[in-house]
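Chemist: The structure that follows is given in the form of structure tokens.
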Amino acid sequence: MRWRVPERFIRRCRGDARDGATVGPQQIYIIPTRYGLGFALLLLLIWIGSVNYANNLGFLLTFLLAGLGLVAMLHTWRNLLGLTLRPGRSDPVFKGQQARFEIQVGNPRGGERPGIRLQLAAHEAVAGDLAPRSEQRFTLSTRAERRGRFPIPRCVLSTRYPLGLLHAWCYLELDGEVLVYPAPGPHTPATSQPAYQLSQQGDKGVGADDFVGLRGYRPGDSPRQIAWKVHAREQGLQTKQFGGDRADQLWIDWGHYPGLETEARLSALCRAVLDAAQRQQAFGLRLPELELKPARGDSQRHAALAALALYGEPRP
Amino acid sequence: MNPNELGRRPLLALSLITLLLVAPHFVRLDLRISLAFIAVILLRLASLYLPRLHPGRWLLLGITLAGAALIFTLYPLLIGLPAKVALLALMLGLKLMECRRRRDLYVVVFLGYFTLSTHFLFEQGMLLVAYAFVLVIGLSGLLIEASRATSRPGWPLHSLRLAAGLTAQSLPIMLVLFFLFPRIEGPLWNLGVDNSTGKTGLSDSITLGSISQLIRSRAVAFRVDFDQAIPPPRLRYWRGPVLWHTDGRRWSRGRLVETGPVTFRSDADPVGYQVTLEPSPNDWLYALDLPETLPAGATLSADYQISAKNVRNRRYRYAASSRLDYHTGALSERQRRLGLQLPDTVTSRMRALVAGWRAGTDSDRQLVSRALQFFRSEPFYYTLNPPLLETNPVDQFLFDSRRGFCEHYATSFTLLMRLAGIPARVVTGYQGGQRNPLGNYLIVRQSDAHAWSEVWLAGSGWTRIDPTAAVAPERIERSFEFDLDENADPGVPVIFASADSDLLRSVMKQLRLGLDAANASWHRWILGYSRQQQQSLLQLLGFGSLSEFKLALAMVLTTAALLPLLLLLLRRRERIRPDPVQGDYVKFCRRLARRGLVRQPHEGPRDFARRVIRQRPDLQRQVSAIVNLYIALRYGPSDDPQQRRRLHRLVRGFRA
Numbered sequence: 026m027r028w029r030v031p032e033r034f035i036r037r038c039r040g041d042a043r044d045g046a047t048v049g050p051q052q053i054y055i056i057p058t059r060y061g062l063g064f065a066l067l068l069l070l071i072w073i074g075s076v077n078y079a080n081n082l083g084f085l086l087t088f089l090l091a092g093l094g095l096v097a098m099l100h101t102w103r104n105l106l107g108l109t110l111r112p113g114r115s116d117p118v119f120k121g122q123q124a125r126f127e128i129q130v131g132n133p134r135g136g137e138r139p140g141i142r143l144q145l146a147a148h149e150a151v152a153g154d155l156a157p158r159s160e161q162r163f164t165l166s167t168r169a170e171r172r173g174r175f176p177i178p179r180c181v182l183s184t185r186y187p188l189g190l191l192h193a194w195c196y197l198e199l200d201g202e203v204l205v206y207p208a209p210g211p212h213t214p215a216t217s218q219p220a221y222q223l224s225q226q227g228d229k230g231v232g233a234d235d236f237v238g239l240r241g242y243r244p245g246d247s248p249r250q251i252a253w254k255v256h257a258r259e260q261g262l263q264t265k266q267f268g269g270d271r272a273d274q275l276w277i278d279w280g281h282y283p284g285l286e287t288e289a290r291l292s293a294l295c296r297a298v299l300d301a302a303q304r305q306q307a308f309g310l311r312l313p314e315l316e317l318k319p320a321r322g323d324s325q326r327h328a329a330l331a332a333l334a335l336y337g338e339p340r341p
Numbered sequence: 005m006n007p008n009e010l011g012r013r014p015l016l017a018l019s020l021i022t023l024l025l026v027a028p029h030f031v032r033l034d035l036r037i038s039l040a041f042i043a044v045i046l047l048r049l050a051s052l053y054l055p056r057l058h059p060g061r062w063l064l065l066g067i068t069l070a071g072a073a074l075i076f077t078l079y080p081l082l083i084g085l086p087a088k089v090a091l092l093a094l095m096l097g098l099k100l101m102e103c104r105r106r107r108d109l110y111v112v113v114f115l116g117y118f119t120l121s122t123h124f125l126f127e128q129g130m131l132l133v134a135y136a137f138v139l140v141i142g143l144s145g146l147l148i149e150a151s152r153a154t155s156r157p158g159w160p161l162h163s164l165r166l167a168a169g170l171t172a173q174s175l176p177i178m179l180v181l182f183f184l185f186p187r188i189e190g191p192l193w194n195l196g197v198d199n200s201t202g203k204t205g206l207s208d209s210i211t212l213g214s215i216s217q218l219i220r221s222r223a224v225a226f227r228v229d230f231d232q233a234i235p236p237p238r239l240r241y242w243r244g245p246v247l248w249h250t251d252g253r254r255w256s257r258g259r260l261v262e263t264g265p266v267t268f269r270s271d272a273d274p275v276g277y278q279v280t281l282e283p284s285p286n287d288w289l290y291a292l293d294l295p296e297t298l299p300a301g302a303t304l305s306a307d308y309q310i311s312a313k314n315v316r317n318r319r320y321r322y323a324a325s326s327r328l329d330y331h332t333g334a335l336s337e338r339q340r341r342l343g344l345q346l347p348d349t350v351t352s353r354m355r356a357l358v359a360g361w362r363a364g365t366d367s368d369r370q371l372v373s374r375a376l377q378f379f380r381s382e383p384f385y386y387t388l389n390p391p392l393l394e395t396n397p398v399d400q401f402l403f404d405s406r407r408g409f410c411e412h413y414a415t416s417f418t419l420l421m422r423l424a425g426i427p428a429r430v431v432t433g434y435q436g437g438q439r440n441p442l443g444n445y446l447i448v449r450q451s452d453a454h455a456w457s458e459v460w461l462a463g464s465g466w467t468r469i470d471p472t473a474a475v476a477p478e479r480i481e482r483s484f485e486f487d488l489d490e491n492a493d494p495g496v497p498v499i500f501a502s503a504d505s506d507l508l509r510s511v512m513k514q515l516r517l518g519l520d521a522a523n524a525s526w527h528r529w530i531l532g533y534s535r536q537q538q539q540s541l542l543q544l545l546g547f548g549s550l551s552e553f554k555l556a557l558a559m560v561l562t563t564a565a566l567l568p569l570l571l572l573l574l575r576r577r578e579r580i581r582p583d584p585v586q587g588d589y590v591k592f593c594r595r596l597a598r599r600g601l602v603r604q605p606h607e608g609p610r611d612f613a614r615r616v617i618r619q620r621p622d623l624q625r626q627v628s629a630i631v632n633l634y635i636a637l638r639y640g641p642s643d644d645p646q647q648r649r650r651l652h653r654l655v656r657g658f659r660a
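Chains A and B supply the protein sequences, listed in that same order. Counting from 26, one number per residue, gives the positions in the first sequence under the numbering used here. Counting from 5, one number per residue, gives the positions in the second sequence under the numbering used here.
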């Protein structure tokens with residue numbers, strides 16, 4: 026915001042994801058815009074002219090426009106009043122990427138509310154016109170500068186509608202956050218320890234590579250894995266089992282990257298997780314105070330990245 | 005598209021509104037400037053559809069220079085309001101030309117608001133104000149449309165409607181500010197020559213023919229509200245400049261420098277009235293013969309002429325009172341000398357005429373009657389087109405042409421009185437005025453301009469003698485209502501309209517009077533509103549006189565009180581309306597409750613209806629119709645507006 030209000034005097038509009046926030050009457054600030062100041066100057070000019078020419082209709086016009094300005098103040102204020110805001114879903118990003126916060130802005134009133142702008146400090150505002158009794162999703166984005174939890178920064182909800190002469194705004198502090206993963210580091214080969222490790226438990230028949238035998242059909246088994254030839258021999262429904270889940274267990278370990286300071290190490294680990302996830306490998310993650318069991322898939326990827334993101338952060 | 009870039013539609017609307025903004029000025033501007041302005045607008049409109057036509061920077065500079073050159077050729081030194089208006093129009097047109105971004109839109113709209121204010125310097129009719137209101141709505145609509153994040157498809161009717169709403173909502177604030185804003189009496193700086201054109205009125209000297217020019221104008225000179233009954237026409241002499249000095253052709257005020265209290269004796273009751281004077285270039289005020297109490301700040305000269313400061317070129321409203329019957333007392337030596345001054349043009353015929361009268365009478369009073377008798381019996385005619393009088397107008401008029409109107413009669417009569425040794429002077433002003441029965445006030449027009457004579461007689465002091473009345477008594481009893489025919493032959497006598505025989509004409513007259521009544525309120529409350537009116541309004545409201553500071557405070561407080569009211573109004577309007585079907589049902593239950601049949605909270609409509617019918621079998625038909633319809637509308641799949649209306653009708657007609 027161009028106008029700095031001392032922090033302790035700022036009235037904020039707060040809200041969490043469940044209840045959302047409603048803009049209250051005393052949370053709205055309003056000042057004239059540059060056009061508003063121009064308008065005031067114009068009124069002064071017309072007024073002086075009217076005094077000079079003793080022109081009552083000039084006065085009438087001056088006062089009509091002054092009234093218009095005052096009424097516009099009321100309408101600008103009302104354009105924000107009672108808007109509801111609810112933080113929406115926000116996807117995790119890597120450090121250095123644009124973090125996107127979704128905010129649902131709702132207009133419970135029966136009238137339209139055009140020209141609503143939502144803005145993060147020093148960023149371009151996102152603007153929209155809210156139809157009567159509707160909700161609209163505004164997406165704010167800002168660069169994620171730090172790994173970890175990134176709460177929605179204080180943002181400014183503002184409007185200049187209807188005449189553009191006045192700027193009304195309110196400070197929003199919504200509960201909600203974006204998880205920021207460490208920035209992936211360069212491809213550094215892991216050094217000190219073997220990356221692969223044989224699984225102690227051995228094959229459990231949940232792999233995909235080597236045929237290890239048959240078992241009785243259970244509902245839910247994929248038809249591809251049903252041993253149709255066995256079935257054709259009228260030996261009942263049997264399901265083929267495959268092994269091979271033993272060989273490619275990868276441990277991504279904090280201890281594999283000695284000599285790197287914490288953030289760089291996390292970046293390296295992040296890169297390793299990404300690589301493993303890309304190769305569809307099952308992997309486990311070992312951090313000083315945390316160990317993720319080997320697994321594969323998106324949820325493992327996310328769990329690992331989240332663990333890296335939150336490394337060193339106090340648990341909520 | 006950059007949201008700050010203006011699309012085609014706003015630009016189109018802006019161009020059209022700009023054209024409308026300047027349009028009323030076209031009659032005041034040089035035709036070439038008006039045409040140039042229209043050409044610029046057309047170019048702008050064309051370039052919206054054919055961007056090729058949009059002038060580049062250099063061409064625009066060329067157009068600017070050409071426009072400026074045109075203005076400076078037509079109005080060197082930019083003297084006069086039209087020059088300034090032309091400059092404003094040039095600015096507006098050029099700004100419109102380079103209008104691309106939102107910022108430019110604001111500049112044009114602000115210039116537009118300013119342009120609106122300039123119209124009022126030339127014209128102050130109600131229609132123009134209505135026109136200005138419409139344009140304020142249009143301009144504000146543009147601002148509204150520009151403050152949206154995205155514009156709606158189609159014409160921005162919604163924005164216009166909101167603009168009209170905003171304007172309507174600001175009307176009460178406008179009125180409060182208008183009536184309570186502390187008035188500073190202008191001007192703040194000298195207006196110079198800007199305002200000298202186009203205003204008519206009496207001047208402080210007459211040459212023969214100057215009043216006849218004035219009489220052709222139907223323009224209103226002033227309007228008068230009387231505190232009591234309006235005096236009869238023969239007493240309605242509105243005193244203006246008093247002329248003492250003549251060189252034979254021209255009469256002027258002379259140098260009457262007398263100070264000290266101006267008094268007269270009178271037994272008549274004072275007549276109080278308020279005059280709303282239309283703008284005139286003069287610094288004197290008009291009052292009935294003779295003025296007693298004056299408006300604040302005005303002074304009365306020894307010849308009962310009221311002058312005031314700051315009344316030039318503005319609509320001015322003042323209160324005064326007069327006594328219509330008076331005795332001015334003794335004559336000062338200086339007044340006697342001035343009242344007997346003679347020009348070099350006195351001829352022997354004139355001397356002989358006066359000598360003849362003097363010989364036949366034994367008092368001044370009889371001599372005055374004799375002179376009036378002369379005008380009455382000799383073939384003098386009252387005409388607005390007197391033949392041109394050349395070297396010695398008075399002599400020629402008295403003995404040869406004998407056709408003229410008030411100023412001829414007044415000046416020659418005064419001269420003859422002076423020849424007879426009676427101190428005399430010419431008084432100019434207005435006589436009569438038309439009574440408007442709709443507003444019960446008097447309209448005095450320029451066509452009521454008049455000149456008469458005052459002679460000093462020992463018995464009564466300065467006495468008003470109107471020689472015109474001797475020739476054309478109708479002139480005094482009735483206002484001019486004839487069609488002033490420019491092309492009438494010189495010397496054709498005026499025929500006064502005897503009655504309103506023609507129905508159409510009388511209807512037209514009524515219409516004109518009605519319009520003037522509206523105009524008079526307009527003039528009294530809006531155009532003539534001044535610091536004085538402000539104080540009397542406050543007194544009327546029971547506040548007494550307020551100082552500027554208290555007035556400002558009252559204004560701020562009233563305005564501040566208006567805003568919450570407005571807020572309430574807006575809240576009411578946007579309150580979520582209950583379902584009309586539900587509303588009707590609630591009303592139906594209320595009506596039954598008044599008869600003791602209160603619906604229990606647990607009762608659904610069907611149970612309730614059953615109970616009602618059990619207790620009041622006479623209502624069965626109505627109740628079951630209403631309840632069935634309600635159930636169908638509220639819980640059924642169909643929501644037919646026609647059925648909804650039917651339910652509403654049934655409930656309205658339901659009497660338990």
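Here a beta-carbon is modelled for each residue, glycine too, at the ideal position from N, C-alpha and C.
Name, in chain order, the residues that DSSP records as bridge partners for B/V742.
Modeler: Lying outside 5 to 660, the shown extent of chain B, residue 742 of chain B is not represented and no answer is given.
Chemist: Please classify B/N444: is it buried, with 16 or more other beta-carbons within 10 angstroms of its beta-carbon, or exposed?
Modeler: Here residue 444 of chain B corresponds to residue number 440 of the second sequence, with the count starting at 1. Exposed: under 16 other Cβ atoms inside 10 Å.
Chemist: Applying the criterion that 16 or more other CB atoms from any shown protein chain within 10 Å of the CB defines a buried residue, is A/F236 buried or exposed?
Modeler: Numbered from its first residue, the first sequence carries residue 236 of chain A at position 211. By the neighbour-count rule (16 or more Cβ atoms within 10 Å), A/F236 is not buried but exposed.
Chemist: A/L330 to A/D278, Cα distance in whole Å?
Modeler: The sequence position of residue 330 of chain A within the first sequence is 305, counting from 1. The sequence position of residue 278 of chain A within the first sequence is 253, counting from 1. When rounded, the distance between both Cα atoms is 13 Å.
Chemist: Spatial neighbours of A/E160 within its chain, please: C-beta separation below 6 Å, excluding the five flanking residues on both sides.
Modeler: Along the first sequence, read from residue 1 onward, the residue named residue 160 of chain A stands at position 135. These residues qualify, in order along the chain: Q129, G131.
Chemist: Which term fits A/F64, buried or exposed, when burial requires 16 or more other beta carbons within 10 angstroms of its beta carbon?
Modeler: Taking the first residue of the first sequence as 1, we reach residue 64 of chain A at position 39. The residue is buried, with at least 16 neighbouring Cβ atoms inside 10 Å.
Chemist: To the nearest angstrom, how far is the alpha carbon of A/E316 from that of A/A46?
Modeler: Counting from 1 along the first sequence, the entry for residue 316 of chain A is found at position 291. Counting from 1 along the first sequence, the entry for residue 46 of chain A is found at position 21. One C-alpha to the other measures close to 38 Å.
Chemist: Quick check: is the beta carbon of B/S174 nearer than 9 Å to any beta carbon in chain A?
Modeler: The sequence position of residue 174 of chain B within the second sequence is 170, counting from 1. With 9 Å as the cut-off, B/S174 counts as an interface residue toward chain A.
Chemist: Given B/F379, which residues of its chain have a CB within under 6 Å of its CB, disregarding the five upstream and five downstream residues?
Modeler: Position 375 of the second sequence holds residue 379 of chain B. Closer than 6 Å at the Cβ level, and outside the excluded window around B/F379, lie P471, A474, V475.
Chemist: With a cut-off of 9 Å, does the C-beta of B/P14 fall near any C-beta of chain A?
Modeler: Here the question's residue 14 of chain B lines up with position 10 in the second sequence. No, B/P14 lies away from the interface with chain A (no Cβ there is under 9 Å from its Cβ).
Chemist: Rounded to the nearest angstrom, how far is the Cβ of B/L166 from that of B/V140, given a contact under 8 Å?
Modeler: For the purposes of this step, residue 166 of chain B is taken as residue 162 along the second sequence, with counting starting at 1. For the purposes of this step, residue 140 of chain B is taken as residue 136 along the second sequence, with counting starting at 1. The pair is not a contact, with the Cβ atoms about 13 Å apart (cut-off 8 Å).
Chemist: Does any residue of chain A have a CB that is nearer than 9 Å to the CB of B/T562?
Modeler: For the purposes of this step, residue 562 of chain B is identified with residue 558 of the second sequence, where counting begins at 1. Taking Cβ atoms only, chain A never reaches closer than 9 Å to B/T562, which makes this a no.
Chemist: Check A/R39 in the structure and name its three-state DSSP category.
Modeler: Sequence index remark: in the first sequence, residue 39 of chain A carries index 14 (1-based). In the structure shown, A/R39 sits in a strand (DSSP, three-state: E or B).
Chemist: Between B/I300 and B/E411, what straight-line distance do the alpha-carbon atoms span, to the nearest angstrom?
Modeler: For the purposes of this step, residue 300 of chain B is taken as residue 296 along the second sequence, with counting starting at 1. For the purposes of this step, residue 411 of chain B is taken as residue 407 along the second sequence, with counting starting at 1. Just to set this straight, residue 300 of chain B is Ala in the shown sequence, not Ile. Spanning the two alpha carbons is a distance of roughly 32 Å.
Chemist: Determine whether the beta carbon atoms of B/A17 and B/G116 lie at a separation below 9 Å.
Modeler: The sequence position of residue 17 of chain B within the second sequence is 13, counting from 1. The sequence position of residue 116 of chain B within the second sequence is 112, counting from 1. Contact: no.
Chemist: If the cut is a Cβ gap below 8 Å, which residues of chain A does B/V133 touch?
Modeler: Position 129 of the second sequence, counted from the start, is the residue given in the question as residue 133 of chain B. Residues of chain A passing the Cβ test: L82, L85.
Chemist: Can you say whether B/T395 is buried or exposed, counting buried as having 16 or more other CB atoms within 10 angstroms of its CB?
Modeler: In the second sequence, counting from the first residue as 1, residue 395 of chain B sits at position 391. By the neighbour-count rule (16 or more Cβ atoms within 10 Å), B/T395 is not buried but exposed.
Chemist: From B/P236 to B/Q435, what does the alpha carbon distance come to, in whole angstroms?
Modeler: Your numbering for residue 236 of chain B matches position 232 in the second sequence. Your numbering for residue 435 of chain B matches position 431 in the second sequence. Their backbone Cα atoms lie some 11 Å apart in a straight line.
Chemist: Would you mind working out which of B/L419, B/L184, B/C103, B/L545 sits nearest B/D348, comparing C-alpha positions?
Modeler: Translated into positions along the second sequence, residue 348 of chain B becomes position 344. B/D348 has its Cα closest to that of B/L419, out of B/L419, B/L184, B/C103, B/L545.
Chemist: Measure the C-alpha to C-alpha separation of B/I148 and B/V113 and round it to an integer number of angstroms.
Modeler: Position 144 of the second sequence, counted from the start, is the residue given in the question as residue 148 of chain B. Position 109 of the second sequence, counted from the start, is the residue given in the question as residue 113 of chain B. B/I148 and B/V113: Cα-Cα distance of roughly 12 Å.
Chemist: Buried or exposed, going by whether 16 or more other CB atoms sit within 10 Å of the CB of B/L507?
Modeler: The residue given as residue 507 of chain B occupies position 503 in the second sequence. So B/L507 counts as exposed.
Chemist: Is any beta-carbon of chain A found at less than 9 Å from that of B/Y322?
Modeler: Reading the second sequence from its first residue, position 318 is the one you call residue 322 of chain B. No, no contact with chain A.
Chemist: Per DSSP, B/W466 forms a beta bridge with which residues?
Modeler: As a first step, residue 466 of chain B must be located in the second sequence, where it is residue number 462. For B/W466, the pairing in a beta bridge is given by DSSP as B/W460.
Chemist: Starting from the N-terminal side, write out each stretch of the alpha helix (DSSP H) that is 4 residues or longer and does not extend beyond the stretch 570 to 655 of chain B.
Modeler: Counting only runs of 4 or more, we get 584 to 598, 609 to 619, 624 to 639.
Chemist: Taking 9 Å as the CB-CB limit, is A/I277 close to chain B?
Modeler: Walking along the first sequence from the start, residue 277 of chain A turns up at place 252. False, the Cβ-Cβ gap to chain B never drops below 9 Å.
Chemist: Does the beta-carbon of B/W62 have 16 or more other beta-carbons within 10 angstroms, so that it is buried, or is it exposed?
Modeler: Walking along the second sequence from the start, residue 62 of chain B turns up at place 58. Burial call: exposed.
Chemist: Excluding five sequence neighbours on each side, which residues of the same chain lie with their C-beta closer than 6 Å to the C-beta of A/G337?
Modeler: Along the first sequence, one-based indexing puts residue 337 of chain A at 312. Excluding residues within five positions, none has a Cβ falling inside 6 Å.
Chemist: Are the stretch 304 to 312 of chain B and the stretch 522 to 529 of chain B in contact at 8 Å, needing three or more beta carbon pairs?
Modeler: no
Chemist: Starting from the beta carbon of B/L125, find every residue of chain A whose beta carbon is closer than 7 Å, and list them in chain order.
Modeler: Mapped onto the second sequence, residue 125 of chain B falls at position 121. The answer, in chain order, is Y78, N80.
Chemist: According to the Cβ coordinates, are B/A323 and B/P295 closer than 9 Å?
Modeler: The residue labelled residue 323 of chain B in the question sits at position 319 within the second sequence. The residue labelled residue 295 of chain B in the question sits at position 291 within the second sequence. Contact flag unset, no.
Chemist: In this structure, how does DSSP classify B/D368 when only helix, strand and coil are distinguished?
Modeler: Locating residue 368 of chain B in the second sequence gives position 364, where the first residue counts as 1. In this structure, B/D368 counts as helix in the three-state DSSP scheme.
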